[in-house]
């Protein structure tokens with residue numbers, strides 16, 4: 001018992017930096033924002049209690065609905081595209097051998113460490129409707145490229161394409177999952193006459209479904225909190241006068257504007273809690289549905 005007690009205290013000692021950081025930088029700010037969401041606060045004077053007025057304003061504010069719809073549409077476009085491209089790249093990496101495997105893993109992961117602000121600036125350079133590289137390449141094959149940065153329907157697809165620049169972490173996760181699939185399963189399926197598509201559908205996907213489910217949740221949460229690239233490209237000081245577009249008004253951008261441009265900190269806190277509820281609801285639905293599609297080694301689904 002004494003030994004177990006010492007081991008428990010040692011474990012708590014190792015966990016304490018994270019626990020202290022969570023309390024100081026996560027738990028306390030969350031409680032404070034919940035309290036502020038019921039106040040009128042602009043950082044220049046003391047908070048004034050307003051009850052549910054901020055949440056009532058959320059229902060009536062058309063910009064909240066617009067930004068939330070933009071964010072959800074972007075999420076629906078971005079998450080499947082990210083997962084599909086990452087899985088395709090990971091499948092290609094499984095065929096690499098020797099030194100080339102390490103080289104290509106590094107190449108695919110390097111964009112992951114590119115600052116998001118730089119990616120936003122890169123968006124304006126590559127997807128410029130008149131002189132951008134993307135439209136120039138499309139022109140070589142006879143396609144008249146759209147106005148990615150000013151035509152509303154094309155803004156979110158353009159941002160999704162830019163997001164595919166940095167899928168390195170997802171590729172690494174899928175690569176590890178693919179290499180964990182037993183080769184015997186592929187050999188048995190091939191002996192039974194299964195085609196490549198059938199082997200992928202009946203063997204690969206079930207065996208890596210845990211990794212797919214994990215990245216689905218992580219990518220969904222990240223997409224719902226998209227901010228950096230869109231804000232830099234459309235709402236930064238250098239670009240806002242020319243490229244500002246309501247199609248790029250994501251929820252977190254509008255929250256940022258309310259909090260730090262208009263100093264409506266109480267209202268912004270209410271917006272943050274609405275986003276928290278939306279993310280929680282979507283995640284719970286995904287977890288619920290995962291019981292039907294995710295394969296576990298013990299045989300449970």
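Residue numbers (the UniProt record's numbering): 1 to 301.
Note that the Cβ used here is the ideal one computed from N, Cα and C, for glycine as well.
### Message
Please give me, in chain order, every unbroken run of the alpha helix (DSSP H) with length at least 4 that falls completely inside the region 180-252.
### Response
183-191, 196-199, 209-224 and 240-243
### Message
By alpha-carbon positions, which one of 204, 116 and 160 ends up nearest to residue 81?
### Response
Taking the chain shown and counting its residues from 1, one reaches residue 81 at position 81. Measuring from the Cα of residue 81, the nearest candidate turns out to be 160.
### Task
Please state if the CB of residue 129 and the CB of residue 106 are separated by a distance shorter than 8 Å.
The count along the chain shown starts at 1 and reaches residue 106 at position 106. The count along the chain shown starts at 1 and reaches residue 129 at position 129. The answer is no: Cβ separation not under 8 Å.
#### Entry: Cα-Cα separation between residue 279 and residue 288, rounded to whole angstroms
Locating residue 279 in the chain shown gives position 279, where the first residue counts as 1. Locating residue 288 in the chain shown gives position 288, where the first residue counts as 1. Cα to Cα, the separation comes out at about 14 Å.
### residue 129 - DSSP class collapsed to helix/strand/coil
The residue given as residue 129 occupies position 129 in the chain shown. Note: residue 129 maps to coil in three-state DSSP.
#### Entry: Nearest neighbour of residue 211, chosen from 21, 290 and 285 [CA to CA]
Residue numbering aside, residue 211 sits at position 211 when the chain shown is read from its first letter. When only C-alpha atoms are compared, the closest one is 290.
#### Entry: For residue 49, the three-state DSSP class (helix, strand or coil)
The count along the chain shown starts at 1 and reaches residue 49 at position 49. Residue 49: strand per DSSP, three-state reduction.
### Query
Leaving out the 5 sequence neighbours to the left and right, which residues in its chain are closer than 6 Å to residue 296 when beta-carbon positions are compared?
In the chain shown, counting from the first residue as 1, residue 296 sits at position 296. There are no such residues.
### Residues near residue 171 in its chain [Cβ-Cβ closer than 6 Å; skip 5 each side]
As a first step, residue 171 must be located in the chain shown, where it is residue number 171. Excluding residues within five positions, the ones whose Cβ falls inside 6 Å are 86, 89, 90 and 108.
### Cβ-based burial, residue 262 [other Cβ within 10 Å; buried from 16]
Start at 1 with the first residue of the chain shown, and residue 262 comes out as number 262. Under this definition residue 262 is an exposed residue.
### Spatial distance of residue 249 from residue 224 (CA atoms)
As a first step, residue 249 must be located in the chain shown, where it is residue number 249. As a first step, residue 224 must be located in the chain shown, where it is residue number 224. Rounded to whole angstroms, residue 249 to residue 224 spans 12 Å at the Cα level.
### Task
Compute the minimum distance between the beta carbon of residue 168 and the heavy atoms of the ligand SAH, and state whether it is under 7 Å.
With respect to the ligand SAH, the structure offers nothing, as it holds no ligand at all.
### Message
Considering just the uninterrupted stretch of the alpha helix (DSSP H) at residue 96, what are its terminal residues?
### Response
Your numbering for residue 96 matches position 96 in the chain shown. Where residue 96 is concerned, there is no enclosing alpha helix (DSSP H), given that its DSSP letter is neither H nor E.
#### Entry: One or two residues paired with residue 170 in a DSSP bridge
Here residue 170 corresponds to residue number 170 of the chain shown, with the count starting at 1. Beta-bridge pairing links residue 170 to no other residue.
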